[in-house]
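Chemist:
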Amino acid sequence: MKKSILEIYALAVCFATIVCFVIALGISIYDIVRIAKPEFTMSSYEYNRHQSNDAYWKSGDSCSDDKKRQRPADEELTKQRLASYQQSIKSELRDAFQSLTQTVIILSIAVIVFLVHWRVARRAREANISTQ
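The opening position of the sequence shown corresponds to residue 4 in the working numbering, with each subsequent residue numbered one higher.
(1) Taking 9 angstroms as the cut-off, decide whether the C-beta atoms of residue 20 and residue 107 are in contact.
(2) Can you give the Cα-Cα distance for residue 17 and residue 118, rounded to whole angstroms?
(3) Do the region 79–86 and the region 52–60 touch if we need at least three Cβ pairs shorter than 8 angstroms?
(4) Give every residue of the same chain whose Cβ lies closer than 7 angstroms to the Cβ of residue 65, excluding the five residues on either side of it in the sequence, and list them in chain order.
(5) According to DSSP, is residue 120 part of a helix, a strand, or is it coil?
(6) In chain order, which continuous runs of the alpha helix (DSSP H) of length 4 or greater are located wholly inside the region 37–89?
(7) Take residue 89 as the anchor and find which of 24, 14, 132 and 41 has the nearest alpha-carbon.
(8) Going by Cα to Cα distance, which pick from 98, 109, 61 and 47 is closest to residue 26?
(9) Can you tell me which of 8, 12, 6 and 7 puts its alpha carbon nearest to the alpha carbon of residue 120?
(10) To the nearest angstrom, how far is it from the Cα of residue 126 to the Cα of residue 8?
(11) Return yes when the Cβ of residue 38 is within less than 9 angstroms of the Cβ of residue 96, no when it is not.
(12) Alpha carbon to alpha carbon, how far is residue 130 from residue 5?
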């Protein structure tokens with residue numbers, strides 16, 4: 004049984020949408036992990052700089068007026084470090100939600116395109132069978 008050009012086209016589009024779907028699904032799963040455990044998925048640099056007051060202080064903006072900059076008391080520095088850490092977690096969560104939203108849109112489009120082209124392929128196959 005020879006396939007029509009329309010059926011080949013529709014099946015090729017279905018294959019491409021499955022590839023897109025699988026990639027977007029993998030990204031979505033990672034985004035869900037990012038939302039569930041933002042401390043785990045944040046960059047090593049961000050994580051490490053918030054582990055101690057010394058690391059936090061040393062990671063501060065390096066500029067030419069470092070000599071003028073004085074290190075605050077340990078409890079004030081701890082307060083700043085923890086506030087910065089919470090901000091980093093919020094940023095990681097926001098990025099994850101944005102990425103998840105994008106991949107859900109891609110997944111939705113892939114499903115719609117797949118279903119439309121699967122029907123086209125099925126109708127082309129039926130039309131091809133009836134003409135033989």
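Think of the CB as a built atom: it goes at the ideal place given N, C-alpha and C, for glycine as much as any other residue.
Modeler: Answer, in terms of the structure:
(1) Here residue 20 refers to the residue found at position 17 of the sequence shown. Here residue 107 refers to the residue found at position 104 of the sequence shown. Contact flag unset, no.
(2) As a working mapping, residue 17 is identified with position 14 in the sequence shown. As a working mapping, residue 118 is identified with position 115 in the sequence shown. C-alpha separation (whole angstroms): 8 angstroms.
(3) yes
(4) Residue numbering aside, residue 65 sits at position 62 when the sequence shown is read from its first letter. For residue 65, the predicted structure reports a pLDDT of 49, less than 50, and the residue's modelled location is therefore unreliable. The matter cannot be settled from this model.
(5) As a first step, residue 120 is located in the sequence shown; it is residue number 117 there, counting from the start. Three-state DSSP puts residue 120 in a helix.
(6) 41–44, 47–52 and 56–61
(7) In the sequence shown, residue 89 corresponds to position 86, counting from 1. The candidate whose alpha carbon is nearest that of residue 89 is 41.
(8) Indexing the sequence shown from 1 puts residue 26 at position 23. When each option's Cα is compared against that of residue 26, the closest is 109.
(9) Within the sequence shown, residue 120 is the residue found at index 117, counting from 1. Of the candidates 8, 12, 6 and 7, the one whose C-alpha sits nearest the C-alpha of residue 120 is 12.
(10) Residue 126 sits at position 123 when you count from the first residue of the sequence shown. Residue 8 sits at position 5 when you count from the first residue of the sequence shown. Each residue's Cα considered, the two are about 12 angstroms apart.
(11) Within the sequence shown, residue 96 is the residue found at index 93, counting from 1. Within the sequence shown, residue 38 is the residue found at index 35, counting from 1. Yes.
(12) Counting from one through the sequence shown, the residue named residue 130 turns up at place 127. Counting from one through the sequence shown, the residue named residue 5 turns up at place 2. Approximately 12 angstroms between the Cα atoms of the pair.
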